[in-house]
Amino acid sequence: MEKTPSGTSVGVDDPYDHVDVCDHVTDDGRCRYAFEYAEQDPEFARERRADEFACPVAAGDNWDWTDCPHFRSRNHDRECQRCGLEERRVAHEDERPLLEEHHLSYAGDGEELRHEITVYLCRWCHAKVHDSWARITDDVSPDAEALAAAEGRRSREQNELSFESAANRYDDS
Numbered sequence: 724m725e726k727t728p729s730g731t732s733v734g735v736d737d738p739y740d741h742v743d744v745c746d747h748v749t750d751d752g753r754c755r756y757a758f759e760y761a762e763q764d765p766e767f768a769r770e771r772r773a774d775e776f777a778c779p780v781a782a783g784d785n786w787d788w789t790d791c792p793h794f795r796s797r798n799h800d801r802e803c804q805r806c807g808l809e810e811r812r813v814a815h816e817d818e819r820p821l822l823e824e825h826h827l828s829y830a831g832d833g834e835e836l837r838h839e840i841t842v843y844l845c846r847w848c849h850a851k852v853h854d855s856w857a858r859i860t861d862d863v864s865p866d867a868e869a870l871a872a873a874e875g876r877r878s879r880e881q882n883e884l885s886f887e888s889a890a891n892r893y894d895d896s
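In this text, residue positions in the sequence shown follow my numbering: the first is 724, and each later residue adds one.
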């Protein structure tokens with residue numbers, strides 16, 4: 724199983740197994756990185772421009788995500804990839820989020836991080852993955868504590884949405 728630099732598990736054997744598409748690929752299969760950040764890697768941008776900015780992986784040019792020097796995949800689904808708990812954020816409050824970004828890839832000793840690959844895990848699953856042999860692909864339900872925290876936020880959200888006249892809400896007496 725992949726490990727962090729401090730030796731804790733990341734919960735997967737191969738981070739690329741949890742990737743759908745690169746964040747830089749547009750709907751029509753073009754590489755947005757080569758277009759928007761050409762100054763970062765002019766040679767890469769020139770190659771992509773000569774190919775009308777086509778992503779070599781999306782175009783099927785015998786490339787893999789591991790071959791692209793600018794590959795990045797950050798999961799934007801706002802639910803835990805392990806147990807399915809959905810994020811519930813309460814506006815204007817500084818409560819700790821229920822979900823945390825979890826990195827599936829890390830740089831080795833003296834290496835620079837090659838690709839950023841992240842998913843969301845609830846903080847309970849995140850702790851289990853790093854502190855034990857738990858895997859992202861485990862078939863689990865949310866912890867009771869996680870469900871209670873989510874329901875507490877949902878209840879406050881429902882209270883905020885209920886109608887109360889301004890006369891009752893801001894009674895000056």
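Beta carbons: idealized from backbone N, C-alpha and C, even for Gly.
As the structure is a prediction and not an experimental result, all values here were calculated from the model.
Exercise. Counting along the chain, where does the beta strand (DSSP E) carrying residue 823 start and finish?
Worked result: 822-826
Exercise. Alpha helix (DSSP H) containing residue 852: first to last residue?
Worked result: Note, residue 852: alpha helix (DSSP H), 846-854.
Exercise. Quick one, which of 783, 784, 792, 751 has its alpha-carbon nearest residue 768's?
Worked result: 792
Exercise. To the nearest angstrom, how far is it from the Cα of residue 876 to the Cα of residue 863?
Worked result: 22 Å
Problem set entry | Limits of the alpha helix (DSSP H) - the one that residue 796 falls within | Looking at the DSSP string, residue 796 is not in any alpha helix (DSSP H); the run it does join, the beta strand (DSSP E), is 795-797.
Exercise. Taking the alpha carbon of residue 828 as the point to measure from, which residue in 783, 839, 750 has its own alpha carbon closest?
Worked result: 839
Problem set entry | Inter-residue spacing [alpha-carbon to alpha-carbon] between residue 745 and residue 756 | 10 Å
Problem set entry | Straight-line gap, residue 727 to residue 887 (C-alpha atoms, nearest Å) | 50 Å
Problem set entry | Proximity winner among 770, 861, 758, relative to residue 807 (alpha-carbon distances) | 861
Exercise. Using the beta-carbon count (16 or more within 10 Å), is residue 785 buried or exposed?
Worked result: exposed
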